[in-house]
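Shown next, in structure tokens, is the structure this report addresses.
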Amino acid sequence: MAAAVSPAQEPVQVTCAEFILSVTVPNFSSVFVMTEPAEQRKQFSNCIRITELGMKDADGTFYLAILYSETPDKPKRFRISVGRWATTKGLFTVDVVLRVPNAKWERIHRDVVSPGKLQYQIVAQEHISQADLLDPMKMFLTKDSLTITAHVQLTVGSRPLGCPDRMKETALANYSALLSDKSRCDFTLLSADGEEFPVHRSIISCHSPVLAAMLTHDTAENQTGRCVMANITGSALKALLDYIYHGKVELVAATADTLLTAADMYELLPLKNLCLELMSRDLTLANAARLLVLADQHDCAALKATVLAFLKRGGNTVEFVQNGGVSELLSYGGGRGQLLVEEVMTAVAAPVGSKKRTLTDYWKA
1 MAAAVSPAQE PVQVTCAEFI LSVTVPNFSS VFVMTEPAEQ RKQFSNCIRI TELGMKDADG
61 TFYLAILYSE TPDKPKRFRI SVGRWATTKG LFTVDVVLRV PNAKWERIHR DVVSPGKLQY
121 QIVAQEHISQ ADLLDPMKMF LTKDSLTITA HVQLTVGSRP LGCPDRMKET ALANYSALLS
181 DKSRCDFTLL SADGEEFPVH RSIISCHSPV LAAMLTHDTA ENQTGRCVMA NITGSALKAL
241 LDYIYHGKVE LVAATADTLL TAADMYELLP LKNLCLELMS RDLTLANAAR LLVLADQHDC
301 AALKATVLAF LKRGGNTVEF VQNGGVSELL SYGGGRGQLL VEEVMTAVAA PVGSKKRTLT
361 DYWKA
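Heads up, the sequence shown is in full-length UniProt numbering, so the first residue is 1 and it goes up one at a time.
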């Protein structure tokens, strides 16, 4: 997955590679706040060996760690860090993006020099106060679990001008190579119709907090290395992985519904928004009822508002009712269908003389 980058004049071999470290710490407050001593460092086992990335000119291991620190002159705080240890060769620069996805917290470290021979090095670190970390309004913890990710880029050799601007392009090319190279996959996703997709735990965990939690806790999927993604077809799962690994996806109406379900279920919010954008653009009277149901199922207020505004336009309401739109809504179970019908009635009601028209009036129109 290494990519060679050469300046325009004197060719100097530069190798770039990228990877993601991710960890979810369950029972965070009880483990780190209530029971740990004043100085406590935890290094997590999910690490990346540089040799596994196909880089021949460097070695060593990258890992995530948390240090809990409490001193008389400083408030209680946590240090989140990316470290590198056991290296014998490979002078290179490192770019690191540290994230706590749930809190939308992000810190970027550029051009950190990592020497070739060292036993231990902190490549990037950030402090978060205990007060902020435990504040529910800041949303660092989800059900007392803390998820941390680190997006790391390594550049061996002299970094060419403009290489940081190509960081995303290089990452996507490397991810594509990873997905193609099944020998390095360490987990398998299975679609509802039986297709198998070998993947990488670290990469899917970084993009999905739900998968990250599943692969951190003592779950059956974590133990077996396999996860059946119920109600997600093979074509939709392939599109989901294209988005995760390639940064793009070919959205079509045939898979948009199941892809929206998958994106919502596994909290891939950018992909969910792409699906909603497609649905809003392809809205018709024939699919209006179905999109209202999907909007209700996946808590998509913007899509619901778009459909209701569409139904209120011109003669759309009459055609919607006469073509069975209301009946389709009422078939939506759990009483939610009736509530959607009432929302439609409220949205499309318009004064006629001293009265307001109802759906019954439209049915008779």
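Glycine residues also receive a C-beta, built at the ideal position from the N, C-alpha and C atoms.
Span of the beta strand (DSSP E) around residue i
i, result
"LEU241", "Where LEU241 is concerned, there is no enclosing beta strand (DSSP E), although the alpha helix (DSSP H) it sits in stretches over 234-246."
"VAL94", "92-100"
"THR188", "187-191"
Residue i to residue j span [Cα, whole Å]
i, j, result
"ASP257", "THR61", "41 Å"
"SER183", "GLU196", "14 Å"
"LEU154", "THR51", "12 Å"
"SER129", "SER208", "25 Å"
"GLU328", "ALA289", "6 Å"
"HIS151", "CYS47", "12 Å"
"ASN27", "LYS143", "8 Å"
"VAL113", "GLU267", "35 Å"
"GLU106", "MET139", "13 Å"
"ALA295", "ALA301", "7 Å"
"ALA286", "MET265", "26 Å"
"LEU64", "GLY247", "24 Å"
"VAL252", "LEU292", "19 Å"
Boundaries (first-last residue) of the alpha helix (DSSP H) holding residue i
i, result
"THR258", "253-265"
"CYS227", "Not the alpha helix (DSSP H): CYS227 falls in the beta strand (DSSP E), residues 226-229."
"SER202", "201-207"
"SER280", "269-281"
"SER327", "325-330"
"MET345", "336-348"
"GLU310", "For the sequence presented, residue 310 should be read as Phe rather than Glu. Segment 301-312, the alpha helix (DSSP H) holding PHE310."
C-beta atoms of residue i and residue j nearer than 8 Å
i, j, result
"LEU271", "VAL249", "yes"
"VAL100", "ILE148", "yes"
"VAL199", "LEU189", "yes"
"residue 429", "PHE78", "With the chain running from 1 to 365 in the structure shown, residue 429 is simply not present."
"LEU303", "MET279", "yes"
"LEU260", "HIS217", "no"
"ASP111", "LYS89", "no"
"VAL82", "LEU21", "yes"
"ALA86", "MET55", "no"
"VAL25", "SER205", "no"
"THR233", "ASP186", "no"
Closer than 7 Å: residue i CB and nearest the ligand HEM heavy atom
i, result
"ALA86", "With respect to small molecules bound, the structure shown includes none, and the ligand HEM cannot be examined in it."
Residue(s) in a DSSP beta bridge with residue i
i, result
"GLN121", "ARG84"
"GLN153", "GLU18 and ASP95"
- Task: Could you tell me whether the segment 238-255 touches the segment 216-226, where touching means 3 or more Cβ pairs closer than 8 Å?
- Result: The segment 216-226 and the segment 238-255 do not touch, with fewer than three beta-carbon pairs separated by less than 8 Å.
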